[in-house]
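Engineer: Structure in structure tokens, see below.
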Amino acid sequence: MTALAITTVSLRRMVRDRTSMFFVVLLPVLVILVIGVTVGGRSGVRVAVVDLDRSAVASGLVHDLDTSRGITLVHLPDIDAARTAVRRGQQDVAVVVPAHYGARLLAGLPATLTTIDTSAAGNRQAADTAVGAVVGHHAAQFQAAAFATAHSGRDVGSALALARRLQTGVPTVAVRTDVVNGASDILPAGFGYSAPTMLVLFVFVNALAGGAAMIQTRGLKLYDRIMAAPVRPLDVVLGEGCAYLLLALLQSALIVGVGVGFFGVSWGNPWAAGALVAVWALVGMGAGMLSGTLFRTPEQASAIGPALGIGLGMLGGCMWPLAIVSPAMRTIGHVAPQAWAVDAWTIVISRGGDVASIALELGVLAAFAIVLVGLASFRFHRSLTG
């Protein structure tokens, strides 16, 4: 009962700290939103079109691009605007329909389309493929019309209309791609990346900063007053530890709930996600209590703790995937518990893993939790009895 009372008082003190609640509640949500929008994945490609012809043939090509699945089309007035949009990354590729494009095709002459892209465009290959497929479909109609004109004496216009009618009824060949060893080493782009990584980052960072509460309690001599009563040091350790554990669990539940409710994040297998959240909360609990026993002043805990947590988060893959760094940096990164937590979330979310799939990661995180909680409890117990 004494440990529960201490937990209640400690939690109440933490919740009443408005600055602390900003970092626990609002800041993680804002960062998830910003990073999710910044690295948001797109299911399609962005294509700009500059129609300098304005003919019915050109309008048909633009319509095909606009209705093609996977293409988001925008119209730009001139080539300079298209170059600027592609250079700034606003569009993946731009298609320029030259003047007299339709007239040349109707006259049986070859016509050339121009595409504008840049080697820096991350979605360039997909954009080129999507545009090429639409243009190929469009060109096939004129090839069929030219063949019909040469062998039946029809004019190009009527032959083209016939080719378009027949093309809709021609059987197509579907291509199914079977990716071998397609397990992703990276979390999904967008909110699927920002939500789990920010959960890992902020639970740890706020736990380290939360050590200031223990230091304030010690500075007010409240622990001395508690120990003057018939209270065991173990009860005080358990009470404070449960407060940090509950705070970490509440923050994790908030991020998971916001991720599902507002950003549509899929957290994978619920049992695996729950186990991962619980073990990481224990890691946060140990880090918070250890912070409260290592730092001398609340200002040190509030300043050095978050900086240390952010540094470990960067090292452990919370800011960028460890899959894109060198093998040496990837190995060094796994010195931090954050790397093992992000690896586990990648398995659960990107690969559909269950509890057994992340047994190694859970085991390593449990070892981190045991070391941190054990060391923090030893130092705290010693300070109470000393």
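When you line the sequence shown up against my numbering, it's residues 511 to 896, in that order.
Glycine residues also receive a C-beta, built at the ideal position from the N, C-alpha and C atoms.
1) Note down, one range per segment and in chain order, each alpha helix (DSSP H) of at least 4 residues found wholly within the stretch 559 to 599.
2) Taking 6 Å as the limit between beta carbons, can you name the residues of its chain near Gly-794, skipping five residues before and five after?
3) Taking all protein chains shown into account, decide if Arg-899 is buried (16 or more other Cβ within 10 angstroms of its Cβ) or exposed.
4) Hey, how far is the Cα of His-648 from the Cα of Asp-574?
5) Starting from Ile-859 and walking both ways along the beta strand (DSSP E), at which residues does that stretch end?
6) Between which two residues does the beta strand (DSSP E) containing Thr-626 stretch?
7) Does the beta-carbon of Ala-558 have 16 or more other beta-carbons within 10 angstroms, so that it is buried, or is it exposed?
8) Which residue from Leu-562, Val-644 and Ile-842 puts its Cα closest to that of Asp-576?
9) Under the three-state reduction of DSSP, which class applies to Val-835: helix, strand or coil?
10) Is it buried or exposed for Ser-553, if we count other Cβ within 10 angstroms and need 16 for buried?
11) With distances taken Cα to Cα, identify the nearest neighbour of Leu-616 among Thr-841, Ala-813, Leu-711 and Val-567.
12) Give the single residue among Gly-863, Val-603, Pro-698 and Ala-609 whose Cα lies nearest to the Cα of Gly-774.
13) State the start and end residues of the unbroken beta strand (DSSP E) segment that holds Ala-604.
14) Could you compute how far the alpha carbon of Arg-728 sits from the alpha carbon of Gly-884?
15) Would a C-beta distance cut-off of 9 Å place Val-607 and Leu-562 closer than the cut-off?
16) Confirm, please, whether the CB-CB distance from Thr-512 to Gly-819 is below 9 Å.
17) Round the Cβ separation of Val-852 and Val-710 to the nearest angstrom and send it over; I've been treating them as touching at under 8 Å.
18) For Thr-895, collect the residues of the same chain with a Cβ closer than 7 Å to its Cβ; drop the 5 residues on either side in sequence, then sort them by chain order.
19) To which residues of the same chain is Gly-796 closer than 7 Å at the C-beta, ignoring the five residues directly before and after it?
20) Here's the rule I'm using: 16 or more other beta-carbon atoms within 10 Å means buried, otherwise exposed. How should Leu-730 be labelled?
21) Taking the DSSP output, what are the residues bridged to Val-641?
22) So who's on the other strand from Val-557, going by DSSP bridges?
23) Determine the contact status of Val-584 and Ala-595, defining contact as a CB-CB distance below 9 Å.
24) What residue range is occupied by the uninterrupted alpha helix (DSSP H) comprising Arg-889?
25) Where are the alpha helix (DSSP H) runs, 4 residues long or more, that stay fully inside the stretch 775 to 856, in chain order?
26) Below 8 Å, how does it come out for the stretch 764 to 781 and the stretch 798 to 814: are there three or more Cβ pairs, yes or no?
27) Based on Cα-Cα distance, which residue from Gln-601, Ser-893 and Leu-822 lies nearest to Thr-707?
28) Out of Arg-522, Gly-570 and Ala-640, state which residue places its alpha-carbon closest to the alpha-carbon of Val-462.
Structural biologist: Put simply:
1) 566 to 577 and 589 to 597
2) Val-713, Phe-714, Ala-717 and Ala-758, listed in sequence order.
3) Outside the displayed span of the chain (511 to 896) sits residue 899, for which this structure offers no information.
4) 8 Å
5) Careful: Ile-859 lies outside any beta strand (DSSP E) and carries neither H nor E.
6) Reading the sequence as shown, one finds Ile at residue 626 and not Thr. That run of the beta strand (DSSP E) goes 624 to 626.
7) buried
8) Val-644
9) Three-state DSSP puts Val-835 in coil, outside helix and strand.
10) In this prediction, Ser-553 scores a pLDDT of 49, lower than 50, which makes its location untrustworthy; the coordinate-derived value is nonetheless stated afterwards. Answer is exposed; the Cβ neighbour count stays below 16.
11) Closest option to Leu-616, Cα to Cα, is Val-567.
12) It is Pro-698 whose Cα lies nearest to the Cα of Gly-774.
13) 603 to 607
14) 20 Å
15) Closer than 9 Å, so yes.
16) no
17) Their Cβ separation, rounded to whole angstroms, is 6 Å, which keeps Val-852 and Val-710 in contact under 8 Å.
18) Pro-743
19) Residues Ala-879, Leu-882, Val-883 and Ala-886 of the same chain have their beta carbon placed closer than 7 Å to that of Gly-796, with the five preceding and five following residues left out of the count.
20) exposed
21) Val-641 is not bridged to any residue.
22) Leu-583 and Val-603
23) Taking 9 Å as the Cβ cut-off, Val-584 and Ala-595 qualify as a contacting pair.
24) 869 to 895
25) 780 to 804, 808 to 825, 837 to 843 and 847 to 855
26) no
27) Leu-822
28) Because the chain is modelled from 511 through 896, residue 462 falls outside the range shown and cannot be assessed.
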